[in-house]
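Here is the structure we will look at, set down as structure tokens.
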DNA sequence: TCTGCGAATGTAATCGTTTGCAACACTCTT
DNA sequence: AAGAGTGTTGCAAACGATTACATTCGCAGA
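Residue numbers (UniProt numbering), protein chains in the order written: chain S, 1 to 333; chain R, 1 to 333.
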């Protein structure tokens, strides 16, 4: 004999008051007498009543959800960011929805910008079309969409590149190469530009032969290693700055397999400081991004936006840090 | 001059039909004439109408969302599972909500089992209380909650342990140790039991001194290494089976730092086959779990459950596989 | 005694869909 | 010509909350 889920009117009947009073007692307690409050509370307990969020959301014209658009859910890089986001959203009473922008077909993707699905968006993919996202409150995190006007939470990728390059130059390296991310990616572009700039400041250049095109993934790091291996040992880079730790892992793994040692034969600087790379051999020198903070701050910004506050002026830039480990070594030609 | 979002009645007025007809034309096209269908479609386009999901969900008494309860969102292990889940849910028209069970306070957590928040649950955390989840359609994936009656998608952890142990015994190892996960964790328990069993089949035992208590994390692998290092080299294990790859990384990293070599000084078998460990030095021999499949199948099972199908009989067991790499070597005492 | 006021509560409209039922227009039998 | 059957549409009642507005009541002040 299961009876349906109790509604507010069941509570009201039992408490001997109107539904309006129950509603007020629950969501705006100061509007009712302490006595009624107690009566209602008792009735709630007796009926096992639980608020129906869908109904409330309909009435309030909101959804209670925030959608994170992630380029690739399977990529561990995003898990910490999501964790940061979840940590803020949960306590604030919002649901965290996630969607993978790479594996969704464009039509579905368009439906995400749909205000009846989520109250706001956290966009982690810089390759989405600006116009399809124009209508919804959103913030961009990590990556950003050129031409899209929205609060951005990011790091200074150029400054980060400079940290890496300065470190390598300081160790005596003169032939320094760069392994990029996907060609169109805003991060790849910024990091490559930063590399160029930083090298120029030291009177060095980045020849095309020292630019290896990757895609942030392990395989492409491996591929970069292969390209490097067949270059002339006397002119190829003695140090590489890679746009992701994953690629650095792939690269180092391949070099090892070919009998070469890092940092003896090649110094390597990664990017991201993902957890594992502190424990591999050799522990990787890298640029640390505060991933959880990125998520946290993006979520906080979005909440402010949703609560009607004006969008902040400039971008929110988080500090990066060079983490020195054992994958770089002095070099003398 | 922004006008409010168009509703179904706006479309109806423009098309010269009733809201009922519009609704049917959109969600049940075969019920209306091709002609009306066209008229409605034109009106939809003209008004820019988009269905309000909250209203539909209220009417249908559903939420359109599925909630994944993840023990630790920051742990990359779960990202592939989530990816598998997302790949199924998206096309099926469900939103994927995620929540971190570790960082949520118990009260919030209880609210998750709330049917007005999600239509169903995918539980990835075996440490939750069975009674709080009794009411909602759910499936358990990877981990499971003892005493909770629900479809389970998992691997055979004992058989997996046996694969690892058989491999090590085959290489000549006789003193084989195990690094566990968190003590209470169902996976830890199963893997430890499997290790015991498999060793017994070979006439070997697992003394307490060869059991190292970890928590799946990198640090605890490091800690296990330290414990192993101070044991008598003549009696301590010559091979270790670890309940996670992360711990194996932590362990190997620490051994390297102390000047020991894997697999020369110690053979190591991990668990999970997370992506990176194929590229570290040495590439790790491990048990592969089909993580994306776990997520995919869990999501599919839940969808079946939600569509009213009866729950399947037994658990859904996915195959594991021993992936041979270079972290294990023959041993002769 | 009467008026005015504020606090607590009730009434009923509303949020935007879906859908059971009824109405209607046909066609086809008999 | 009446009745049955079929296919299309409209009416209006849900779904379950919130809230503007109305009402009631008690009490202070004139």
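Think of the CB as a built atom: it goes at the ideal place given N, C-alpha and C, for glycine as much as any other residue.
Given the structure is predicted, the values throughout are model-derived calculations rather than measurements.
Straight-line gap, residue i to residue j (C-alpha atoms, nearest Å)
i                      : j                      : result
residue 264 of chain R : residue 329 of chain R : 7 Å
residue 152 of chain R : residue 294 of chain R : 10 Å
residue 225 of chain S : residue 103 of chain S : 29 Å
residue 71 of chain R  : residue 32 of chain S  : 40 Å
residue 308 of chain R : residue 56 of chain R  : 19 Å
residue 30 of chain R  : residue 81 of chain S  : 45 Å
residue 287 of chain R : residue 168 of chain S : 38 Å
residue 204 of chain S : residue 86 of chain R  : 46 Å
residue 34 of chain R  : residue 120 of chain R : 36 Å
residue 45 of chain R  : residue 6 of chain R   : 11 Å
residue 124 of chain R : residue 112 of chain S : 26 Å
residue 314 of chain S : residue 182 of chain S : 26 Å
residue 326 of chain R : residue 269 of chain R : 10 Å
residue 18 of chain S  : residue 49 of chain S  : 15 Å
residue 53 of chain R  : residue 117 of chain S : 7 Å
residue 231 of chain R : residue 130 of chain R : 41 Å
residue 62 of chain R  : residue 114 of chain S : 19 Å
residue 211 of chain S : residue 222 of chain R : 36 Å
residue 138 of chain S : residue 162 of chain R : 50 Å
residue 1 of chain S   : residue 190 of chain R : Unreliable positioning characterises residue 1 of chain S in this predicted model, as indicated by a pLDDT of 35, which lies under 50. A coordinate reading is not provided.
residue 173 of chain R : residue 122 of chain R : 40 Å
residue 108 of chain R : residue 73 of chain R  : 16 Å
residue 141 of chain R : residue 188 of chain R : 15 Å
residue 197 of chain S : residue 128 of chain R : 52 Å
residue 331 of chain S : residue 170 of chain S : 9 Å
residue 26 of chain S  : residue 145 of chain R : 33 Å
residue 209 of chain R : residue 227 of chain R : 10 Å
residue 38 of chain S  : residue 92 of chain S  : 26 Å
Residue nearest to residue i in terms of C-alpha spacing, selected from the options
i                      : options                       : result
residue 214 of chain S : S/249, S/155, S/261 and S/69  : S/249
residue 133 of chain R : R/175, R/142, R/141 and R/150 : R/150
residue 274 of chain R : R/10, R/7 and R/78            : R/78
residue 89 of chain R  : R/302, R/332 and R/183        : R/302
residue 296 of chain R : R/10, R/13, R/57 and R/96     : R/96
residue 278 of chain R : S/268, S/116, S/246 and S/324 : S/246
residue 289 of chain R : R/268, R/148 and R/156        : R/156
residue 184 of chain R : R/62, R/333 and R/126         : R/126
residue 99 of chain S  : S/93, S/92 and S/65           : S/65
residue 206 of chain R : R/74, R/16, R/193 and R/8     : R/193
residue 219 of chain R : R/41, R/160, R/251 and R/20   : R/251
residue 143 of chain R : R/69, R/92, R/202 and R/196   : R/69
residue 237 of chain R : R/262, R/217, R/256 and R/266 : R/266
residue 261 of chain S : S/216, S/209, S/283 and S/37  : S/283
residue 94 of chain S  : S/299, S/37, S/188 and S/310  : S/299
residue 101 of chain R : S/83, S/16 and S/106          : S/83
residue 271 of chain R : R/47, R/217 and R/110         : R/217
residue 147 of chain S : S/105, S/51 and S/186         : S/186
residue 41 of chain S  : S/16, S/58, S/166 and S/60    : S/16
Neighbour-count burial assignment, residue i, 16 or more Cβ in a 10 Å radius
i                      : result
residue 234 of chain R : exposed
residue 291 of chain R : buried
residue 23 of chain R  : buried
residue 135 of chain R : exposed
residue 280 of chain S : buried
residue 254 of chain R : buried
residue 28 of chain S  : exposed
residue 317 of chain S : exposed
residue 256 of chain S : buried
residue 259 of chain S : exposed
residue 76 of chain R  : buried
residue 333 of chain R : exposed
residue 164 of chain S : buried
residue 199 of chain S : buried
residue 43 of chain R  : buried
residue 160 of chain R : buried
Would you be able to state if there are at least three C-beta pairs under 8 Å between the stretch 169-179 of chain R and the stretch 241-248 of chain R?
-> yes
What are the uninterrupted segments assigned as alpha helix (DSSP H) that are 4 or more residues long and contained completely in the stretch 82-165 of chain R, given in chain order?
-> Runs of alpha helix (DSSP H) with 4 or more residues, each lying fully within the stretch 82-165 of chain R, are found at 106-112, listed in chain order.
On the three-pair Cβ rule with 8 Å, is the stretch 6-14 of chain R touching the stretch 314-333 of chain S?
-> Contact between the stretch 6-14 of chain R and the stretch 314-333 of chain S is absent: fewer than 3 CB-CB pairs across the two stretches fall below 8 Å.
At what residue ranges does the stretch 226-255 of chain R contain a whole run of the beta strand (DSSP E), taking only runs of 3 or more?
-> 239-242
Whole beta strand (DSSP E) elements within the stretch 255-301 of chain S, 3-residue minimum | 267-272 and 285-288
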